[in-house]
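Take a look at the structure set out below.
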Amino acid sequence: MAPIRLAILEADTPVPQANEKYKGYLGIFTHLFRRAVDPEPLESILTITGHDIVAFPSTAYPDLDSIDAVLITGSKYNSFDNDDWILSLVEFTRKALIHPRVKVIGVCFGHQIVARAMGCLVQRSDKGWEVSVTETTLTDKGKQIFGNHQSLKIQQMHRDQVYGIPAGAQLLASTEKCPNHGFLVPNRVITIQGHPEFTSEIMNEVLVLRHGTGLFTDEVYESGVQRNGDHHDGVDVTEVFIQFLQGEFDEEEDPAQK
């Protein structure tokens with residue numbers, strides 16, 4: 001079987017040290033997927049390309065007929081803004097969602113963009129930031145998808161959230177602050193509000209930088225630093241992404257086809 005052709009839509013540049021180490025979100029996600037398939041060689045399962053949709057919004061997007069899936073990354077930008085590049089991303093996402101073959105993965109900002117493209121409201125939350133390793137409660141569908149997990153601990157970095165659940169989607173997880181932490185449309189979409197790709201090193205750099213600029217209070221910063229050393233399930237989430245790309249959830253009826 002030929003490798004799955006996955007296009008990473010890079011919606012931001014990582015924080016400086018992480019960017020230098022991994023060379024963009026393409027490198028960060030390649031590192032994550034490599035860990036998730038180990039000991040199998042990644043190249044036998046996925047062919048991953050990177051697309052800078054912020055710097056080159058008119059030329060970076062892949063031809064949907066030449067790929068099998070897209071993954072929209074996190075970003076420091078607001079998914080509900082109407083900058084030209086964000087509107088272009090929403091429109092491209094809509095096209096991907098109706099493509100007969102292409103699958104869509106959304107991570108944090110990407111989760112919100114997918115929900116926006118599907119008609120959901122995305123706004124700043126009045127409940128504040130979720131940062132660092134945070135436990136999310138899985139729904140029955142989430143428990144089915146994520147195997148033995150009763151909950152998921154995932155790195156978080158957001159204060160925006162999706163309100164409601166897109167038509168035809170099944171909720172996977174939630175927290176007290178954020179009811180929609182991810183959703184599934186079989187054979188079409190899987191999203192997650194957290195950052196499975198963030199290592200503790202990356203999270204620490206983000207926490208320090210945002211505390212230094214005053215964006216994070218001492219309380220948010222210190223709590224995030226304390227929990228950053230906790231185990232998190234980023235690799236397990238990515239294993240589910242791969243199962244989704246390989247069609248392991250395709251046997252369920254696609255609600256969009258009802």
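In full-length UniProt numbering, the protein residues as written are 1 to 258. Just so you know, even glycine gets a beta-carbon here, dropped at the ideal spot from N, CA and C.
Here ARG124 is exposed: its Cβ has fewer than 16 other Cβ atoms, across all protein chains shown, within 10 Å. As DSSP reads the structure, TYR163 sits in a beta bridge with LEU121. Secondary-structure assignment with DSSP links HIS158 through a beta bridge to GLU130. Counted as a single uninterrupted DSSP element, the alpha helix (DSSP H) harbouring ILE98 occupies residues 84-98.
In the three-state reduction of the DSSP assignment, ALA115 falls in the helix class. No residue range can be given for ILE45, since it is assigned to no beta strand (DSSP E) and is classified by DSSP as neither H nor E.
In this structure the region 124-135 lies against the region 155-169, because at least three pairs of beta carbons, one per stretch, are closer than 8 Å. Closest option to GLN161, judged by alpha-carbon separation, among VAL206, SER200, ILE67 and PHE183: PHE183. The C-alpha of LEU138 lies about 32 Å from the C-alpha of SER88. Beta-bridge pairing by DSSP links ASP52 to GLU10. In this structure, TRP85 places its C-beta atom within 7 Å of the C-beta atom of VAL54.
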